[in-house]
Amino acid sequence: MLRFFLSRIAVLIPTFLGVTLVAFLFIRLLPGDPVEMMAGERGTSPERHAELMARFGFDRPWWEQYASFLGNVLQGDLGNSIVTKAPVLSEFLTLFPATLELSICAILFAILFGLPAGVLAASRRGTIFDHGVMAATLTGYSMPIFWWGLLLIILFSGILGWTPVSGRIDLLYFFEPVTGFMLIDSLLSDQDGAFMSAFSHLVLPTIVLGTIPLAVIARQTRSAMLEVLSEDYVRTARAKGLPTRRVVGLHAFRNALIPVVTTIGLQTGVLLAGAILTETIFSWPGVGKWLIDSIFRRDYPSVQGGLLLIASVVMIVNLLVDLTYGLIDPRIRHGR
Amino acid sequence: MAAEIATRPPHPFVEGWHYFKQNKGALAGLIVFVAFVLIAAFSPWLAPYSPDAQDRAAVLVPPFWQEGGSTAHLLGTDAVGRDLLSRIMHGGRWSLFIGLVVIVISMSGGILLGLCAAFARGFVDTLIMRVLDVLLAIPSLLLALVVVAILGPGLFNAMFAVALVYMPHYARLTRGSAMSELQKDYVTASRVAGASVWRLMFRTVLPNCAPPLIVQATLGFSTAVLDMAALGFLGMGAQPPTPEWGTMLADAREFILRAWWVVTFPGLAILISVLAVNLMGDGLRDVLDPKLKRS
Amino acid sequence: MSESVHAEVHIMKKLLLASAAMLAVAAGSGAVEAKTFVFCSEGSPEGFNPQFYTAGTTFDATSETIFNRLVEFNYGETTLGPGLAESWDISEDGKEYTFHLRQGVKWHTTKDFTPTREFNADDVVFTFMRQLDKNHPFHAVGGASYEYFDSMGLPELITKIEKIDDHTVKFTLKEPEAPFLANLGMDFASILSAEYADQMMQAGTPEKLDNNPVGTGPFQLVAYQKDAVIRYQANPDFWKGKAKIDNLIFAITPDASVRFQKLQAGECHLMTYPNPADLEGMKSDPNINLMQQEGLNIGYLGYNTEKKPFDDAKVRTALTMAIDKAAIIDAVYQGAGTVAKNPIPPTIWSYNEAVEDVPYDTEGAKKLLAEAGFADGFETDIWAMPVQRPYNPNARRMAEMIQSDWAKIGVRANIVSFEWGEYLKRTAAGEHQTLLMGWTGDNGDPDNFLHTLLGCDAVGSANRARWCYKPYDDIVVQAKRVTDQEERTRLYEEAQVIFKEQNPWATIAHSVVFKPMLKSVKGFKIDPFGGHQFYQVDIEE
Numbered sequence: 000m001l002r003f004f005l006s007r008i009a010v011l012i013p014t015f016l017g018v019t020l021v022a023f024l025f026i027r028l029l030p031g032d033p034v035e036m037m038a039g040e041r042g043t044s045p046e047r048h049a050e051l052m053a054r055f056g057f058d059r060p061w062w063e064q065y066a067s068f069l070g071n072v073l074q075g076d077l078g079n080s081i082v083t084k085a086p087v088l089s090e091f092l093t094l095f096p097a098t099l100e101l102s103i104c105a106i107l108f109a110i111l112f113g114l115p116a117g118v119l120a121a122s123r124r125g126t127i128f129d130h131g132v133m134a135a136t137l138t139g140y141s142m143p144i145f146w147w148g149l150l151l152i153i154l155f156s157g158i159l160g161w162t163p164v165s166g167r168i169d170l171l172y173f174f175e176p177v178t179g180f181m182l183i184d185s186l187l188s189d190q191d192g193a194f195m196s197a198f199s200h201l202v203l204p205t206i207v208l209g210t211i212p213l214a215v216i217a218r219q220t221r222s223a224m225l226e227v228l229s230e231d232y233v234r235t236a237r238a239k240g241l242p243t244r245r246v247v248g249l250h251a252f253r254n255a256l257i258p259v260v261t262t263i264g265l266q267t268g269v270l271l272a273g274a275i276l277t278e279t280i281f282s283w284p285g286v287g288k289w290l291i292d293s294i295f296r297r298d299y300p301s302v303q304g305g306l307l308l309i310a311s312v313v314m315i316v317n318l319l320v321d322l323t324y325g326l327i328d329p330r331i332r333h334g335r
Numbered sequence: 000m001a002a003e004i005a006t007r008p009p010h011p012f013v014e015g016w017h018y019f020k021q022n023k024g025a026l027a028g029l030i031v032f033v034a035f036v037l038i039a040a041f042s043p044w045l046a047p048y049s050p051d052a053q054d055r056a057a058v059l060v061p062p063f064w065q066e067g068g069s070t071a072h073l074l075g076t077d078a079v080g081r082d083l084l085s086r087i088m089h090g091g092r093w094s095l096f097i098g099l100v101v102i103v104i105s106m107s108g109g110i111l112l113g114l115c116a117a118f119a120r121g122f123v124d125t126l127i128m129r130v131l132d133v134l135l136a137i138p139s140l141l142l143a144l145v146v147v148a149i150l151g152p153g154l155f156n157a158m159f160a161v162a163l164v165y166m167p168h169y170a171r172l173t174r175g176s177a178m179s180e181l182q183k184d185y186v187t188a189s190r191v192a193g194a195s196v197w198r199l200m201f202r203t204v205l206p207n208c209a210p211p212l213i214v215q216a217t218l219g220f221s222t223a224v225l226d227m228a229a230l231g232f233l234g235m236g237a238q239p240p241t242p243e244w245g246t247m248l249a250d251a252r253e254f255i256l257r258a259w260w261v262v263t264f265p266g267l268a269i270l271i272s273v274l275a276v277n278l279m280g281d282g283l284r285d286v287l288d289p290k291l292k293r294s
Numbered sequence: 000m001s002e003s004v005h006a007e008v009h010i011m012k013k014l015l016l017a018s019a020a021m022l023a024v025a026a027g028s029g030a031v032e033a034k035t036f037v038f039c040s041e042g043s044p045e046g047f048n049p050q051f052y053t054a055g056t057t058f059d060a061t062s063e064t065i066f067n068r069l070v071e072f073n074y075g076e077t078t079l080g081p082g083l084a085e086s087w088d089i090s091e092d093g094k095e096y097t098f099h100l101r102q103g104v105k106w107h108t109t110k111d112f113t114p115t116r117e118f119n120a121d122d123v124v125f126t127f128m129r130q131l132d133k134n135h136p137f138h139a140v141g142g143a144s145y146e147y148f149d150s151m152g153l154p155e156l157i158t159k160i161e162k163i164d165d166h167t168v169k170f171t172l173k174e175p176e177a178p179f180l181a182n183l184g185m186d187f188a189s190i191l192s193a194e195y196a197d198q199m200m201q202a203g204t205p206e207k208l209d210n211n212p213v214g215t216g217p218f219q220l221v222a223y224q225k226d227a228v229i230r231y232q233a234n235p236d237f238w239k240g241k242a243k244i245d246n247l248i249f250a251i252t253p254d255a256s257v258r259f260q261k262l263q264a265g266e267c268h269l270m271t272y273p274n275p276a277d278l279e280g281m282k283s284d285p286n287i288n289l290m291q292q293e294g295l296n297i298g299y300l301g302y303n304t305e306k307k308p309f310d311d312a313k314v315r316t317a318l319t320m321a322i323d324k325a326a327i328i329d330a331v332y333q334g335a336g337t338v339a340k341n342p343i344p345p346t347i348w349s350y351n352e353a354v355e356d357v358p359y360d361t362e363g364a365k366k367l368l369a370e371a372g373f374a375d376g377f378e379t380d381i382w383a384m385p386v387q388r389p390y391n392p393n394a395r396r397m398a399e400m401i402q403s404d405w406a407k408i409g410v411r412a413n414i415v416s417f418e419w420g421e422y423l424k425r426t427a428a429g430e431h432q433t434l435l436m437g438w439t440g441d442n443g444d445p446d447n448f449l450h451t452l453l454g455c456d457a458v459g460s461a462n463r464a465r466w467c468y469k470p471y472d473d474i475v476v477q478a479k480r481v482t483d484q485e486e487r488t489r490l491y492e493e494a495q496v497i498f499k500e501q502n503p504w505a506t507i508a509h510s511v512v513f514k515p516m517l518k519s520v521k522g523f524k525i526d527p528f529g530g531h532q533f534y535q536v537d538i539e540e
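Residue numbers (numbering that gives the first Met the number 0), protein chains in the order written: chain W, 0 to 335; chain S, 0 to 294; chain P, 0 to 540.
In C-alpha cells:
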C-alpha cells in the first residue's frame, strides 16, 4: 500500500512542476500587459511603460522570472497581485471557502438525488420511472448551465420571489468569518435567521452547479447497478429467495459504488469549471470569478498563482480518489 | 472513419443499426439532429430574413403569440431589430461547424499523440502522458479561457482552445486501447510480416480502437458545443454579429427582465441540439460497447 | 410577470425585511434604530489607498467616504470649493499656490491608531511628498505606483512643497498651469495622516497605512469582504458634522440585472450603472426614483489621421455624415444618451453651443466622398472595444450599426476587436484605421478633454486619432497658460470650431448617467465625475 501511495505521489511531482511552468508561460503569452490595463484610455508613454514593467520585474528574461517564481512557490510565496498589491495566496484563501462551500453543496445535492435515482431506475429497469430518470438526466447533462441559471433566476427570484438574487447572505447579518463557510459561520454567530438566510442564498447556485454532476452520477449509478445486478452472485442471492430490496441494498449497491466514487472524483474539475460560470451568474464571491477578472486585467501573479492553486486542488482530489479506489480494489494497487 | 467500418463485412454495421433502431431515444435524437442539419444547411433559403438585417422600426418585438408580436417575426426580434428565428437558424450552422471542427482537430491530435505514446513506449510515452496530465489538471473551461485570452477572442481561436482542451481525452483513450491491441496476436503477425510502423499504427491497430473513440466523439461534439457557447457567453467566443447561440445569449443577457424571448430561444436551441446528439451518442454506445449490449 | 403579483411579492419582501431588521437591531445594541444605507456597487475596490489606483469603485470606497482633499468639488457640481484648505492664494505669475488649512479637523480612531493631534501641514506635505519624492521612506511601500499623480504630469510640474507653518502649505510649480487647482480636487490627492504613517513605520507594518485606512472623512471603514461587502459607520466627529445615516454598506454586485432585482426587492437603496434595457421598468416602478444627468463623457469614433485616406478632412467629414447617430442613441444607448456635436460634454464650461453638427445625410456623404476621389468607396476596419464603458455601453453593437451605415456609401468596413489591454496598446501605437473610444473627465476642466485627448503631446498615448493640427494645438496650449477664466473660455470655444471643421473624430454621444434609488432616499445628488457620495444622503420611511 505504501509503495502504491508513494508511486502516486512521485507521478504528481512532475505534473506539479509542469503546471507551474504552464501557468507561468501562459500568462506571459497573453497579449497586452497590466501596465497598459491600468493606464486605460489615457495610455502611457513608452518610457514610462518600460519603467513600470521594470518595477514589477517583467523586463527580465523569462527563465530568470520563472526560476524566482518557482523558488518562491516552494517557499509558499505566490507573489503579490499587481492590481490590489495584496498577496495572491491570501486573496485566494479569502475567496476559496466560498467556492468550496458551493462545490461541496453541489456535489452533496448531486449525490443525494443522483444516487437514489440511479439505484431506483436500475432496479425498475424499463419502467416509466426508469425512462423518466434517463430522460431527465440526459436533459440535465445537455444543459448549458449559464442559461439554466438565468432561467432559474427569472423564475424563482424574479417571478416567484422565493429566493434571493445573489450574494451569500443577507446584508443585515454581520459577523466576522471564522471558517469561511457561511453556513457554519452563520450558526456560530448565533444570530436569528442568519442560517436560513445563508441557506436560501445557496439554493439556486447549488442546483445550477449540481445539475450536471447529478445527471452523471445518476446515469453511472444506474449502469453500474445494471452490470452488477446481472452478475452471478446477485443472481444467486436472488435465487436464494432474498427479497429484491435486500439484494439491491446490500450486495449490488456496495459493489456499484466503486465506479460511482471514481465518477465523483472526476467531477471535481468539472465542478471547478462550472463554478466559474455559476459564480459569474450569481455574483458569488469565489475564486472562479476572481480568476476571470485577473485574466482580464492581466494580473500576472494572480493568474499564475490562481491556476497553480486550482490545479493543485484538482490533483489532490484525484490523488485522494485514486487512493480510496486503491483501498477498495486491490487489483488496482498491484496493477501496472 | 466510416470508410474503415464499411470496408469490413457488412454484418456488424447492419447489426448495429438494428440495435440502434430499437433505442427509441437514439432514433428520436437522430431525427432531431438530421432536422437541425437540414435547417442549418438550407438556412439561407429557409430563414425569413438575413441574420444581420436590422429592422430598426421593429426592435425587441415579442414572439407572435404574445401581445405586440406579429407573424412577420415569429420568434420576435432582438435589440437592433434582427429576426430571432433567422438568427437561430443560421446559428445552427455555426454550432454544427464548431462541433465538427473541434472534434476533427482534437481527435486527430489525440489519436496521433496516443498512438505515438503507445508505440514508442519508454521516455516518449512518459513525456506525452505527463504533458497530458498537466493539461488535465487544469479545469477544462479555465484552460480554454486562458488559451483564448492568449490567442485573442474569436470563433476560430475559441475552437482551437476547446479542441486543445479535449485532446488529452482522445489521446488517453487511444493509448489505452492501442496498448491492449498491441499485445494481441494479429498485431504480432503483421509485425512479423514486415509491416511498417505507420501501417501498423493506422491500418492495423487504429481501426480496432475505433468504437470507444466514436462514442467519445459524439459526446465530444456536445461538450464542444456547450463549451463554445460558454466561451461565447463570457465574451471570449464568437464575436458579434456572428449569430452563434452562446454569443447571442451573452448579448441578450441585459434583457433578461424585459424581453424573455431573446434569452430563452438561443438557450433552448443549444439544449435541444446537444440533447439530440447525446441521445444519439447513448444509442451508439449501447451498440458499440458489447458489455452493455442487451444486458 | 404580472403587475399585481409583482407588487405583492414586493410588499411581502419588505415586510420580511423590516421584521428581520428589527430583530437584528433588537439582538444587537438595543439602541435607537440605526439608519443603514445599502449601496449596490458594481465591483470591489482595488484597495483602500486612492493614491495607487484609477478605478471608480476604489474612489467610491475610499476618497469619497473615508478621506478629504485640500480643495473639493462642490456636491453635485464641477466647480471647486474649500476642503481641508479653507482658502488659497495664487501668485501673480501663476506658479505659487499657498493653502491656508482648516483647524480642528480630527482623524479617525481605529483599532490600529489613536490620533494624538489634529490635521495639520505635516499631513499635506507627507501625502504629496510620498508620491513626488522617489527617496521618500513611504514611496516604495505598496508597489510604488502612483498612476494618477504621474499621468496628470505632476512629478514634472511640482518643483517644491513647503510647510510655511502648521496651517500653511506652499506649492511651487515649474510653469503656470491653470488646471492645477482642479487636479488637487481629484481622488488621488486625498490627504493621509503623517502621524499614522510614522507609527506604522515604527511598528514595522507600513502597509497598514494603505490597507486599514485612517482618514478625516464622513465615514470610517468597519469591515471589508472581498467581492461581497464593505461596511462603514458614520464618523461622529466629522468636521462638517455627522452624516445623516449611521451605517453605510456597499453590497458588491457585479451584474447589472442582479443589482436591479436587489433594488426591486428592497435589498439596496441605490444602485449604479443600470442596464439601459431596464430603464423602462424602473421608470414605471412606483417604488423607484430614477435620477438622471448628462455624464461628463464623450463616446466617439476616431479616424487614424496619419493613415490614408483619413488624412483627408473631406473623407472624415463624409464618413461622419453617413452615420445615423440618432439610431445609435436608440439602439446602443437605449435612449440613455444625447447626440454629441462637440468633443466636450455640455456640463463643462466653455461648451460651444454655436457649433453646428455634421448633418446625417447619406447622399451628401456620397458626394463628398466622390469629391475626395473615392466614388466607389473603399475598404477599411472599425475597431470596437471589447468592454462596456460608461461612455459606450455596447461598442460592438455600435460598430455593427456604423458598418451598415457606411455600407450605404460604398465603404466596406470590417469589425475588429482585441482584448482590452491589447486594444489600448495597439490603438495607442496607431495600428487601427478607425476606432471606437471615449473618455470620462477627471477634473471638469476643458483642458482635460481638448488638450489631453487631441493635443500633439498626446499622440502615442491618449490622442488615438493621432491628430496633430498646429492651429488647434497652439490654442489649447495657450489656454493652459492663462489663468483668466474669460480668456480661457474664448480660446476653448475657438478650439471647438476648428475641431468641427477638421472632424478628427465623429462625435457620437454623451451618455446619460442614471441612478435608480428607492423613493425613500433623500438628498442624493449625482456626481458629475461618476463617483458616489453619501454624506448628505438620508432615508425617510
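Virtual Cβ for every residue (Gly too), placed ideally from N, Cα, C.
For the region 134-157 of chain W, the residues whose beta carbon sits under 9 Å from a beta carbon of chain S are, in order, Ala-134, Leu-137, Thr-138, Tyr-140, Ser-141, Met-142, Pro-143, Ile-144, Phe-145, Trp-146, Trp-147, Leu-149, Leu-150, Ile-152, Ile-153 and Gly-157. Listed along the chain, the chain W residues whose CB falls inside 9 Å of the CB of P/Thr-215 amount to none; the nearest CB is some 23 Å away. When Cβ pairs closer than 8 Å are counted between the two stretches, the region 73-93 of chain W is seen to touch the region 301-318 of chain W, the count reaching three or more. Neighbourhood of P/Pro-515 in chain S, by CB distance below 7 Å: empty, with the nearest CB roughly 13 Å away. Within the region 275-295 of chain P, those residues whose Cβ lies closer than 8 Å to any Cβ of chain S are, in chain order, Pro-275, Ala-276, Asp-277, Glu-279 and Gly-280. Contact between S/Ser-85 and S/Pro-47 holds, with the beta-carbon distance rounding to 6 Å and staying under 8 Å. Counting the other Cβ atoms within 10 Å of the Cβ of P/Asn-391 gives 16 or more, which makes it buried. Per DSSP, the beta bridge partners of P/Asn-246 are P/Thr-35 and P/Gln-232. By the criterion of a C-beta distance shorter than 6 Å, P/Val-37 is surrounded in its chain by Ile-248, Ala-250, Cys-267 and His-268, once the five residues flanking it on both sides are discounted. Taking 7 Å as the cut-off, the Cβ atoms of P/Gly-141 and P/Asp-92 do not count as close. Using a Cβ-Cβ cut-off of 7 Å, S/Leu-141 counts as an interface residue toward chain W, since at least one Cβ of chain W sits closer than that to its own. Where S/Val-262 is concerned, the enclosing alpha helix (DSSP H) starts and stops at 259-287.
Short of 8 Å from the beta carbon of W/Ile-106, and not among the five residues preceding or following it, lie these beta carbons of its own chain, in chain order: Gly-209, Pro-212, Ile-263, Gln-266 and Leu-270.
Within chain P, no residue has its CB atom less than 9 Å from the CB of S/Ala-34, the nearest being about 30 Å off.
Beta-bridge annotation (DSSP): P/Lys-521 is paired with P/Asp-537. In this chain, the beta strand (DSSP E) harbouring P/Gly-80 covers 79-81. Taken through DSSP and simplified to helix, strand or coil, P/His-509 comes out as strand. Within the model, the alpha-carbon separation for S/Ser-179 versus P/Thr-379 is close to 57 Å. Counting only residues of its own chain and dropping the five nearest sequence neighbours on each side, S/Leu-135 has a CB closer than 6 Å to the CB of Pro-167.
Ranking P/Lys-173, P/Ala-326, P/Ala-120 and P/Tyr-96 by CA distance to the CA of S/Asp-54 puts P/Ala-326 first. Around the beta carbon of P/Ile-297, a 10 Å sphere encloses 16 or more other beta carbons of the protein chains shown; the residue is thus reported as buried.
In this structure P/Lys-365 touches P/Ile-408 by the C-beta definition: roughly 5 Å separates them, less than 8 Å.
Nearest in C-alpha terms to W/Arg-167, of all of P/Gly-420, P/Gln-219, P/Thr-252 and P/Leu-69, is P/Thr-252. No Cβ of chain S is located within less than 7 Å of the beta carbon of P/Glu-378. Around the CB of P/Tyr-74, fewer than 16 other CB atoms lie within 10 Å, so the residue is classed as exposed.
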